[in-house]
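Peer 1:
In my numbering, the protein residues as written are 54 to 266.
1. Can you list, in chain order, the stretches of the alpha helix (DSSP H) that have 4 or more residues and sit fully within the region 131-173?
2. Sorted by chain position, which residues of the same chain lie with C-beta nearer than 6 Å to residue 173's C-beta, five sequence neighbours on each side aside?
3. Leaving aside the five residues before and after residue 246 along the sequence, list all residues of the same chain whose C-beta is less than 6 Å from its C-beta, in chain order.
4. Tell me the DSSP secondary structure of residue 221 in three-state form.
5. With a 10 Å radius around its C-beta and 16 neighbouring C-beta atoms as the bar for buried, classify residue 149 as buried or exposed.
6. For residue 250 and residue 170, I'd like the C-alpha separation in whole angstroms.
7. With residue 77 and residue 223 assumed to form a contact (beta carbons below 8 Å), what rounded beta-carbon distance in angstroms separates them?
8. Please work out which residues of its chain come closer than 6 Å, Cβ to Cβ, to residue 236, disregarding the five sequence neighbours upstream and downstream, and give them in chain order.
9. I need the straight-line Cα distance from residue 115 to residue 145, nearest angstrom please.
10. Using a 10 Å radius around the Cβ and a threshold of 16 neighbouring Cβ atoms, would you call residue 139 buried or exposed?
11. For my contact list, residue 129 and residue 86 are in at a C-beta cut-off of 8 Å; report their separation, rounded to the angstrom.
12. If you check the beta carbons only, do residue 212 and residue 111 fall under 8 Å apart?
13. Roughly how far, in whole angstroms, is the beta-carbon of residue 91 from the beta-carbon of residue 126, given that I think they are within contact range, below 8 Å?
14. Shortest alpha-carbon distance to residue 228 belongs to which of 218, 220, 164, 201?
15. Nearest CA to the CA of residue 234: which residue from 167, 69, 62, 64?
16. So, helix, strand or coil for residue 230, using DSSP?
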């Protein structure tokens with residue numbers, strides 16, 4: 054009788070859980086800590102009314118915006134750094150949504166857990182079972198985080214160029230698409246661990262008692 058091998062179906066879970074974790078960590082340390090990764094970029098117009106700066110480049114991330122101190126929940130309307138709020142932005146409603154950006158580092162935490170259980174799942178069905186729960190939570194969190202990103206920064210993007218500020222330029226940043234990529238990687242991790250959990254005859258005989266788990 055052929056010797057049973059280790060479940061190759063867990064390999065995608067190991068690989069993609071790491072990918073998702075790395076992406077989420079990069080997003081977590083986005084602007085103002087790492088200005089190359091951001092959700093939204095603004096180039097202010099050449100004739101901004103004082104004290105708003107003209108021809109300024111501002112980006113927004115998980116814990117703040119350009120030149121701001123990292124903080125949980127922030128005011129998107131105070132991007133000028135002068136303490137004056139941008140009159141086009143409904144600051145109170147958007148500030149509340151920024152607190153939900155904490156979902157990115159929380160999802161990254163579950164990414165580490167999913168990776169650990171995926172490694173265990175290479176030799177134990179119990180690892181695959183717990184990996185399914187961890188990757189399921191990670192996938193759910195990343196999905197909600199992506200929805201929050203799109204809602205928050207789509208509204209902010211539209212508000213920033215409201216008349217009479219039509220000469221401003223706005224664009225989405227890489228963090229938006231990195232969150233989407235992290236969601237896809239998380240979903241693949243979930244599919245891999247779930248398939249291994251509910252499949253049969255996937256482990257070496259020394260683990261065959263766990264086949265009944």
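Positions of the beta carbon are idealized from the N, C-alpha and C atoms, including for glycine.
Predicted model, so just to flag it, every value in this text is computed and none were measured.
Peer 2: Looking at the atomic coordinates:
1. 144-151
2. 180
3. 66, 181, 184, 185, 188
4. coil
5. exposed
6. 12 Å
7. Between residue 223 and residue 77 the Cβ distance is about 24 Å, and since that is not below 8 Å, they are no contact.
8. 195, 196, 199
9. 17 Å
10. buried
11. Contact doesn't hold; Cβ gap of about 17 Å is too wide.
12. no
13. Wrong, their Cβ atoms sit about 17 Å apart, outside the cutoff.
14. 201
15. 69
16. helix
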